Every structure is written in structure tokens, then in C-alpha cells.
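Undergrad: Line by line, the protein sequences give chains A and B.
Going by the numbering used here, the first sequence wraps up at 208, each residue one higher than the last.
Going by the numbering used here, the second sequence wraps up at 490, each residue one higher than the last.
Beta carbons: idealized from backbone N, C-alpha and C, even for Gly.
On a predicted model such as this, the values are computed, not experimentally measured, just so you know.
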Amino acid sequence: MTAHDQMTRRRLLAAIATLPMLGSGPRAARAEPSAEKARALIQDLGNQVLEILRDPSLSNDRKLERLIDLLEGPIDLDLVARLILGRHWRSASEAQRQEYLELFRGYALNFLASKLHLYRGQSYEILDAQVISERDALVTTRILGNQGPPLKVDWRLRDQDGGLMAIDVVVEGVSLIVTQRSEFGSVIERDGFEGLLAELRQRIRQAT
Amino acid sequence: MMIRGGRAGAGTPGATAMRKLASTWLVLMLLQGCASVPTSAQQDDDPLEPMNRAIFEFNNTLDGLILEPAARMYRFAFPQAARDGIGNFLDNLRTPVVLANDLMQGEFERAEMTLGRFMLNTVLGVGGFVDVGAMVGMPDRHTEDFGQTLAVYGVASGPYVMLPLLGPSNPRDATGLVVDALIDPFSILFSDAVPLEARLGQRGAMMLRFREENIETIEELKRTSIDFYAATRTLVQQLRANEIRNGAPAPLDEIYDEDIYDEDIYDETFDEPEDPGDDDSP
Chain A
1 MTAHDQMTRR RLLAAIATLP MLGSGPRAAR AEPSAEKARA LIQDLGNQVL
51 EILRDPSLSN DRKLERLIDL LEGPIDLDLV ARLILGRHWR SASEAQRQEY
101 LELFRGYALN FLASKLHLYR GQSYEILDAQ VISERDALVT TRILGNQGPP
151 LKVDWRLRDQ DGGLMAIDVV VEGVSLIVTQ RSEFGSVIER DGFEGLLAEL
201 RQRIRQAT
Chain B
209 MMIRGGRAGA GTPGATAMRK LASTWLVLML LQGCASVPTS AQQDDDPLEP
259 MNRAIFEFNN TLDGLILEPA ARMYRFAFPQ AARDGIGNFL DNLRTPVVLA
309 NDLMQGEFER AEMTLGRFML NTVLGVGGFV DVGAMVGMPD RHTEDFGQTL
359 AVYGVASGPY VMLPLLGPSN PRDATGLVVD ALIDPFSILF SDAVPLEARL
409 GQRGAMMLRF REENIETIEE LKRTSIDFYA ATRTLVQQLR ANEIRNGAPA
459 PLDEIYDEDI YDEDIYDETF DEPEDPGDDD SP
């Protein structure tokens with residue numbers, strides 16, 4: 001089966017799947033995201049993150065632990081991992097997918113740890129929150145207190161089973177997902193999927 | 209409050225003439241633009257990758273030998289306040305190019321902002337060293353260039369190209385560079401009045417300033433990226449797309465793989481295990 005056939009079939013299935021819902025009006029199972037909810041989520045999360053970062057009694061390791069505990073809930077890391085892989089997710093085997101998701105957790109943790117030192121007392125303000133599709137919301141914030149002009153940071157939220165989840169952060173138009181996808185894709189094209197897994201493994205080993 | 213004043217001035221004869229000129233341009237450009245390819249945010253469009261990687265390496269070597277050390281010396285020699293002043297001065301010098309492109313894109317409010325800031329900063333800001341505009345609460349300074357103008361008119365960027373010395377670009381933006389140089393009074397029109405040294409100095413200072421402002425960012429990127437070339441490429445493309453959209457958020461389908469988005473819904477809907485017959489693995 002060619003990729004195109006596959007896609008057509010997939011679309012068709014998705015279309016058929018939505019048919020019964022047409023009769024029953026809006027999808028009952030899922031509450032649509034509201035701008036207020038999205039704003040509240042980012043506000044709440046932002047305040048808690050700042051509280052941890054600004055607590056002088058916490059060591060860096062302890063801060064990291066607390067941040068991970070906090071972010072575990074409102075970030076859908078598996079979906080992030082899959083969006084980063086993009087089309088390569090399809091061509092990976094089940095075993096590769098499982099290993100990738102697992103390695104990605106470690107990679108994300110290192111990522112967070114390596115960025116911790118960048119915090120130097122910055123604060124933020126929420127500029128806008130809007131619903132941009134039936135499942136997606138976008139919260140626009142500004143990070144203040146950097147050198148130079150404030151940074152515009154967008155938070156992309158998606159309505160998942162567990163409620164609104166953050167799936168991407170976009171800094172001055174640079175999306176974390178798109179950036180990582182480009183890098184991961186480049187490694188996959190050069191060294192194959194196993195090459196990417198090896199690279200992730202090595203990165204995690206180096207960091208610990 | 210001063211901004212409001214600037215906006216109210218839009219009805220003055222000068223501004224009207226400028227609008228007329230700009231709208232003529234607009235019509236001309238639109239006619240041409242219709243014939244060209246529509247833009248789409250083509251990610252990683254890089255058919256010349258092997259050559260680009262080689263040039264990237266060459267540029268990086270030069271950067272390590274010359275530009276980065278120079279940027280560090282610049283940082284060491286001038287305190288932040290002085291560097292801010294120099295940055296403001298260089299931005300102010302770019303005003304003609306930014307203004308011309310604001311107008312060609314039909315962004316009249318932004319054009320007024322650009323012009324207003326130029327006058328404020330030049331007159332009250334000691335020839336542009338002080339960003340008076342920021343002090344009176346103007347929105348952050350924006351840039352425009354002819355590459356962006358072409359993009360607004362629907363010209364596709366073409367493939368990613370790494371230029372020697374000049375860095376990442378593409379056919380559209382490289383064309384823009386040339387046109388901007390023609391527009392810029394400091395580079396061509398007044399070439400008799402402005403000595404070559406001064407013009408080269410402006411270019412050099414712009415590069416130095418950019419490099420100094422990004423010492424940490426580039427260091428961080430080199431350290432944390434899995435593939436520095438690929439990371440730079442996507443950053444450049446995304447920042448550029450963001451500039452062209454003037455900071456508006458990118459449409460969802462340009463950011464996320466549409467298929468995987470579908471699959472996400474698909475999986476939930478059917479709760480079916482992964483699709484068969486699609487394994488590339490040996």
C-alpha cells in the first residue's frame with residue numbers, strides 16, 4: 001500500500017467516524033477549550049513555575065524535581081514526542097516507538113535541566129488567550145526582564161482526554177516542536193531511526 | 209500619547225503624497241504578484257544541502273577566527289549602555305529601507321511609526337543614539353526588508369541557500385538584499401557623500417552588533433543541538449516566517465504534521481492498534 005493510499009484510507013475512516021456525531025450535535029464527550037480556561041491554566045502554571053524558580057531555599061536539583069512533578073500533569077509529553085517525529089512516526093516499528101517515547105522522556109528532562117540556568121529573575125504577563133480550533137487554544141505571553149526587548153512567547157494548548165494540555169511553546173515565532181522535528185528528522189535521514197535512538201541514548205548518558 | 213499625535217498627522221499633505229505613492233506601488237506589485245507562486249512555509253526545503261553544509265562550515269570557521277572574537281572584544285570594550293546606543297544608531301540608519309518596505313507592503317500604520325520614531329530619535333535622541341520612541345511608549349521597533357515585501361506579494365522563498373560570508377538566505381531574500389541596497393540612501397544614492405569606509409563600517413558594525421547580541425544564543429545552540437546545521441536552518445526559516453507574518457501566530461497546519469494530528473484523533477476514535485503494513489524497519 002502506498003503512503004498516499006494509506007492517507008486516503010485514513011481520511012476516509014476519520015470521516016466515517018465523525019458521521020454519527022453529526023446527528024448528535026456538538027461532540028458531547030469533549031468540552032471545547034475556552035479562552036478563559038486556557039488563560040487560567042497558563043497563569044496558574046506560570047505562577048507555580050516562578051515560585052519554584054525563585055525559591056532561594058531550593059537547590060537546582062530540587063528545583064528540577066519540583067518542576068517535573070508540576071509539569072507532568074499539564075504537558076502531554078507523549079503527544080509532543082509524536083508531533084516532533086512527524087511523518088517518521090508512521091514508519092517506525094512498534095518496538096521503536098516504545099523505545100523512542102521512553103528515551104524522549106529522558107531527553108526532555110535533560111532539556112529542562114540544561115535550560116534551568118537561563119532563569120535570571122524574569123517575569124511574564126499574559127497578553128491574550130484565544131481558541132483557534134475546536135480542540136486548540138493559544139495563549140500569548142511576554143517574558144519581561146531579559147536583556148533587550150521583551151520576548152513574545154505563545155503557548156499552544158490542546159484539549160486531550162485529561163483536559164487542556166500544553167503541547168508546544170513558540171518563542172518569537174520559533175516553535176519547539178518544529179525545531180526539534182527538523183533536528184530529529186535530519187538525524188533520521190542520515191542515520192535512520194536507529195541512529196536517532198542511539199543519539200538520544202548517548203545524550204542522556206552524557207548528561208547523567 | 210506621542211504616538212497618537214503621530215497618527216493624527218497622517219492627514220498632512222506629505223503623508224497623503226506618500227500614501228498615493230505607496231498605493232501606486234501596491235497596485236503595480238499586486239499585478240505582478242498575481243503571476244507568481246503562492247507562499248507556503250516550506251520547512252527544510254534544502255536541495256543543496258551538501259553544498260550548503262560545506263559553506264556553513266566555512267562560515268563557521270571564519271566566525272570562530274574573526275567575528276566571534278571581535279564580538280567579544282566589542283562587548284569587553286563597550287559597556288551595555290554604549291552598545292545599546294550604537295544599536296539604536298544603526299537601527300535608525302536603516303529607517304529608509306524599513307519605511308520604503310512598510311509602504312510597499314501597505315502597512316501604513318507601521319510606516320508612520322517608523323517615520324515618527326526616526327524623527328523623534330534623530331532630533332531628540334542625539335542623532336539616533338537614544339531610542340526616544342521607546343521612552344514615550346511606542347511599540348517595539350520592527351524591521352522590514354524587500355525579501356519580506358516580496359513574500360507579502362506571494363513570492364515563494366525558493367530553496368534554502370547558505371551564502372559565503374553573508375550566511376543563510378534563499379533566492380527571494382537574496383534578491384531582497386540587492387534591492388534594499390539600491391533603496392538605501394546610505395549605500396548607493398549618496399555614495400559620493402558617504403565615503404566607502406563609512407558604508408563598509410556600517411555593514412561591519414551591523415554584523416558585529418548582531419554577533420555580540422547572540423553570543424550566548426549561538427553558544428547554547430552549538431552545545432545543545434543534535435545537528436547544528438539543521439537547528440540553524442529551522443531557526444532561520446521560522447524566524448523569517450514570523451517576521452513576514454509580522455508576529456502573528458502561524459496557522460496550525462503549518463506547524464504540526466497534519467497527518468499525525470489526524471492520527472491522534474483516529475487512534476482515540478477507533479482505539480485500534482497501530483496500522484499494519486507500514487513498517488520501514490527491516
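When DSSP builds the beta bridges, which residues end up paired with T322/B?
TA: DSSP lists no partner for T322/B.
Undergrad: Anything in the segment 52 to 82 of chain A with a Cβ closer than 8 Å to a Cβ of chain B? List those residues in chain order, please.
TA: Under the 8 Å Cβ criterion, the segment 52 to 82 of chain A contributes L79 and R82.
Undergrad: How many angstroms separate the CA atom of D339/B from the CA atom of P393/B?
TA: If you take the alpha carbons of D339/B and P393/B, they lie about 21 Å apart.
Undergrad: Where DSSP assigns a beta bridge to T425/B, which residues make up the other side?
TA: BP columns for T425/B are empty, so no partner.
Undergrad: What are the residues in the segment 103 to 130 of chain A lying within 7 Å of chain B by C-beta distance?
TA: The segment 103 to 130 of chain A vs chain B, Cβ under 7 Å: S114.
Undergrad: Nearest by alpha-carbon distance to R201/A: which of K37/A, L103/A and L109/A is it?
TA: It is L103/A.
Undergrad: Quick one: list the residues of chain A neighbouring D435/B, beta-carbon separation under 7 Å, in chain order.
TA: Simply E183, S186 and V187.
Undergrad: With a threshold of 9 Å between beta carbons, is G241/B in contact with chain A?
TA: In this prediction, G241/B has a pLDDT of 40, which is less than 50 and means its spatial position is unreliable; nothing more can be read from the coordinates.
Undergrad: Against chain A, with Cβ distances strictly below 9 Å, would P457/B count as a contact?
TA: Yes, P457/B lies at the interface with chain A (some Cβ there is under 9 Å from its Cβ).
Undergrad: Go ahead and pull the three-state DSSP assignment for S395/B.
TA: Coil.
Undergrad: Could you check whether the segment 65 to 76 of chain A touches the segment 153 to 169 of chain A, counting it as contact only if at least three pairs of C-beta atoms, one from each stretch, sit closer than 8 Å?
TA: In short, these stretches touch, since the Cβ pair count reaches three.
Undergrad: Please check if any C-beta of chain B sits within less than 9 Å of the C-beta of S34/A.
TA: Closer than 9 Å: no.
Undergrad: Cβ closer than 8 Å: which chain E residues qualify as neighbours of D299/B?
TA: Absent from the structure: chain E. Protein chains present are A and B.
Undergrad: Taking just the CA atoms, how far does E65/A sit from I473/B?
TA: Reliability fails at I473/B, whose pLDDT of 42 lies under 50, so the model's placement of it is uncertain and the value that follows must be treated cautiously. Each residue's Cα considered, the two are about 32 Å apart.
Undergrad: Less than 8 Å separating the Cβ of P33/A from some heavy atom of the ligand SAM?
TA: The ligand SAM is not among the ligands present in this structure, which contains no ligands whatsoever.
Undergrad: Just tell me which of S395/B, N267/B, N300/B and R441/B has its CA closest to the CA of V331/B.
TA: With distances taken between Cα atoms, V331/B lies closest to N300/B.
Undergrad: Does the count of Cβ pairs from the segment 423 to 442 of chain B and the segment 183 to 201 of chain A closer than 8 Å reach three?
TA: Yes: the two stretches touch, three or more of their Cβ pairs being nearer than 8 Å.
Undergrad: Spatial neighbours of G106/A within its chain, please: CB distance less than 6 Å, with the 5 preceding and 5 following residues excluded, ordered by chain position.
TA: I204, listed in sequence order.
Undergrad: Using 9 Å as the limit for Cβ to Cβ distance, is I132/A near chain B?
TA: Yes, its Cβ sits closer than 9 Å to a Cβ of chain B.
Undergrad: For R82/A, which residues in the same chain have their Cβ closer than 6 Å to its Cβ, ignoring the five residues on either side in sequence?
TA: Excluding residues within five positions, the ones whose Cβ falls inside 6 Å are W89.
Undergrad: L239/B: buried (16+ other C-beta within 10 angstroms of its C-beta) or exposed?
TA: Because the pLDDT at L239/B is just 40, under 50, the model does not fix this residue reliably, and the point stays unresolved.
Undergrad: Between D348/B and chain A, is any beta-carbon pair separated by less than 9 Å?
TA: At least one chain A Cβ lies under 9 Å of D348/B.
Undergrad: Among the residues of its own chain, which have a CB less than 8 Å from the CB of S114/A, if the five just before and after it don't count?
TA: So the list reads A207, once near-sequence residues are dropped.
Undergrad: From this set, A359/B, D353/B and T440/B, which residue's C-alpha is nearest V369/B's C-alpha?
TA: Closest by alpha carbon: T440/B.
Undergrad: Where does E134/A sit, in a helix, a strand or coil, going by DSSP?
TA: If DSSP states are grouped into helix, strand and coil, E134/A belongs with coil.
Undergrad: Could you say which of E194/A, A166/A, P149/A and E183/A lies nearest to E172/A if we only look at CA atoms?
TA: Taking only the C-alpha atoms, the option nearest E172/A is P149/A.
Undergrad: Does any CB atom of chain A fall closer than 9 Å to the CB of T303/B?
TA: No, T303/B does not count as interfacial toward chain A.
Undergrad: Give me the chain A residues within the contact set of Q446/B, using Cβ-Cβ distance strictly less than 8 Å, ordered along the chain.
TA: By Cβ distance, chain A contributes G173, V174, S175, V178 and T179.
Undergrad: Just the C-alpha distance for R261/B and A458/B, rounded to the nearest angstrom, thanks.
TA: Those two C-alpha atoms are separated by around 28 Å.
Undergrad: If you reduce the DSSP assignment to three classes, tell me which class P379/B lands in.
TA: Helix at P379/B.
Undergrad: Using a Cβ-Cβ distance cut-off of 9 Å, determine whether L138/A contacts chain B.
TA: So yes, L138/A belongs to the interface.
Undergrad: Rounded to the nearest angstrom, what separates E482/B and E99/A at their Cα positions?
TA: Low confidence applies here, because E482/B scores a pLDDT of 43, under 50, leaving its location unreliable and the question unanswered by this model.
Undergrad: Just the chain B side, please: which residues come within less than 8 Å of E199/A by C-beta, in chain order?
TA: Ordered by position in chain B, the residues that pass the 8 Å Cβ test against E199/A are I434.
Undergrad: Ignore the nearest five residues each way along the sequence and tell me which others in E36/A's own chain have a CB closer than 8 Å to its CB.
TA: Once the five neighbours on either side are set aside, the close Cβ partners of E36/A are A129.
Undergrad: Given V402/B, which residues of its chain have a CB within under 7 Å of its CB, disregarding the five upstream and five downstream residues?
TA: Cβ within range, chain order: F394.
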